[in-house]
Amino acid sequence: MEDVQAATDAWLARLPVSERLAAQAATDTRLIGWIAGAVVVVAAAALLTRMGVTTRLAKRLETTGPRPWLTAAMAAGVTAVALLSAKAFVDASVAWRVRTILGGAGAAGWPAHFVAAAAGVLPSVLLAVLLFPPLAWLMRRTPRRWPLIVGPATAALILALGWLPYALSAGGAGPPAPPGAVQAGVAQLVAETQLPAVAVRQSADLALDADVTGGFGRARVVVGPRLMAGPPAEARAYVGHLIGHYVHGDVLIVCLVAGAVAWIGCWAALNGAAPLARAMGAREARGPADPAATPALALIFAATVTVATLAGAAYLRWANVRADAFSLAHAREPDGLAAVIEDEWRRDPAHDSVAPSPLEAALFYSHPPLQTRIAHAMAWKAAHPR
Ligand SMILES: [Zn+2]
């Protein structure tokens, strides 16, 4: 056990102490920013509701008669502008603080960060303006049953965008990898795990370490230039991890988790939007399609997206332990695995803490923290002497 601790510490000692401390400070700042973002968005929605902004807007638009489509579009637009601008303000401040802490090239000022964050507001507002009127129409047409349409449709969209490209191995494949130690080592791993891939391919994409994609009984293995030129142990360890994800269907499961949360979110909107709006001061709110309930509906939407993201990340943190275990069991390269995940951390501009608090891990991590993953590899190594 002491050997495992010492071996883990030796790997971590390869990272400069100053970098590890900066990463911890940056992660702590993100945590404060996350909480501030949630508070600001909830406060903005409560303020909009209390001031009756969307209700007054609807009254002004409907002086000559009901115009539900226009009213829904405008209520969605005003709500989206208010909530997303408030969020962009917080996001820019967090990004600016984090960049300052981590230093390095491109440490831009706050205005540049705000411009970058605000650039995302307009497309999202347009999307809200276009999508909410038909949704509100559906809510008025089938007040009790619309989640039965919107829930599965959202889940299908998530699968189509998140899983289908993976299952179909979308994107350029690259030529078969040239014969060599890396190619042979990975090919041996593919054969041993009985992965249904015909050849190990190589990619010219510098940003790609490796990729194992596929579905419907076939798979594609692509190794990027950096791993191709490195030691076979690292390519084998990393591809072994990715084969683990393929074998366990992790991409499909994470999309199903997100789709299930989206469906639950529809029921939450059906039953919760009007009561939430009334609680925030809009006493006249009757249902989710009511303009008075639009800010409350936006809050439920934001909460649904957040829960879907956190649930997906929680599944992935668990699935990544299993993928590391799969890599260790089949590639049998604990040092290669430690080296490749440490190298990934070094190149990651986000620079997450190597040992975050449980709350930070729950909010920001799709993988176990670096220290945990290396300790896992070293524990396997100690239990399997060569
Ligand atoms: Zn993974």
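Numbering (our numbering), first residue to last: -16 to 369. By construction, the Cβ of each residue, glycine as well, lies at the ideal position given by its N, Cα and C atoms.
Start-to-end residues for the alpha helix (DSSP H) that takes in residue i
i	result
V240	D233 to A262
V98	W93 to A101
L335	Looking at the sequence itself, residue 335 is Asp, so the reference to Leu does not match. First-last for D335: undefined, no H or E at that position.
R50	Unbroken run through R50: none, as it is neither H nor E.
D307	T277 to A314
P106	V104 to R124
P208	P208 to A212
T37	V36 to L44
Y149	L147 to A150
P130	W129 to I141
E175	A164 to E175
Identity of the residues DSSP links to residue i by a beta bridge
i	result
G198	R201
Q429	A question about residue 429 goes unanswered here, because the residues of the chain that appear run from -16 up to 369.
A193	V206
P159	R184
Endpoints, beta strand (DSSP E) assigned at residue i
i	result
R184	V183 to Q185
8 Å Cβ cutoff, residue i in contact with chain B
i	result
P161	The chain labelled as chain B is not found in the depicted structure, where only one protein chain is given.
Residue i: CB within 7 Å of a non-hydrogen atom of ligand 2
i	result
G255	With respect to small molecules bound, the structure shown includes ligand 1 and not ligand 2.
Inset, instruction - State whether the stretch 12 to 25 contacts the stretch 266 to 280, with contact taken as three or more CB pairs (one from each stretch) at a distance under 8 Å. - result: In short, these stretches do not touch, since the Cβ pair count stays below three.
Legend entry - Lining residues of ligand 1 - beta-carbon closer than 6 Å to any non-hydrogen atom, in sequence order: With 6 Å as the limit, the residues whose C-beta approaches any heavy atom of ligand 1 more closely are H224, H228, N303 and A306, in sequence along the chain.
Inset, instruction - Report yes or no: do the stretch 230 to 242 and the stretch 286 to 295 share at least 3 C-beta pairs separated by less than 8 Å? - result: Short answer: they touch.
Legend entry - Meets three-Cβ-pair contact criterion under 8 Å: the stretch 275 to 288 and the stretch 252 to 259: Contact between the stretch 275 to 288 and the stretch 252 to 259 is present: three or more C-beta pairs spanning the two stretches fall below 8 Å.
Inset, instruction - Flag this pair as touching only if the stretch 210 to 225 and the stretch 316 to 336 have three or more C-beta atom pairs under 8 Å; answer yes or no. - result: Contact between the stretch 210 to 225 and the stretch 316 to 336 is present, with at least three C-beta pairs closer than 8 Å.
Inset, instruction - Count the C-beta pairs between the stretch 65 to 76 and the stretch -3 to 5 that are closer than 8 Å, then say yes if the count reaches three, no if not. - result: When C-beta atoms of the stretch 65 to 76 are compared with those of the stretch -3 to 5, fewer than three pairs fall below 8 Å, so the two segments do not count as touching.
Inset, instruction - Answer yes if the stretch 273 to 281 comes into contact with the stretch 57 to 67, meaning at least three C-beta pairs across the two stretches below 8 Å, and no otherwise. - result: They touch, by the three-pair rule.
Inset, instruction - Answer yes if the stretch 182 to 191 comes into contact with the stretch 127 to 142, meaning at least three C-beta pairs across the two stretches below 8 Å, and no otherwise. - result: Contact fails: fewer than three Cβ-Cβ distances are below 8 Å.
Legend entry - contact_flag[the stretch 305 to 313, the stretch 162 to 170] where n(CB pairs < 8 Å) is 3 or more: At 8 Å Cβ cutoff, the stretches do not touch.
Legend entry - Contact the stretch -11 to -4 vs the stretch 352 to 361: 3+ CB pairs below 8 Å: Here the stretch -11 to -4 makes contact with the stretch 352 to 361; the two share three or more CB pairs at distances below 8 Å.
Inset, instruction - Examine the Cβ distances between the stretch 7 to 21 and the stretch 329 to 344 and report whether three or more of them are shorter than 8 Å. - result: Yes: at least three Cβ pairs fall under 8 Å.
Legend entry - Segment contact, 8 Å Cβ cut-off, at least three pairs: the stretch 153 to 160 with the stretch 114 to 132: With the rule of 3 Cβ pairs closer than 8 Å, the stretch 153 to 160 does not count as touching the stretch 114 to 132.
Inset, instruction - Say whether the stretch 30 to 37 touches the stretch 256 to 266, bearing in mind that this needs 3 or more beta-carbon pairs closer than 8 Å, one atom from each stretch. - result: Touching, yes.
Legend entry - the stretch 116 to 125 in contact with the stretch 33 to 49 per 3-pair CB rule at 8 Å: These segments do not touch.
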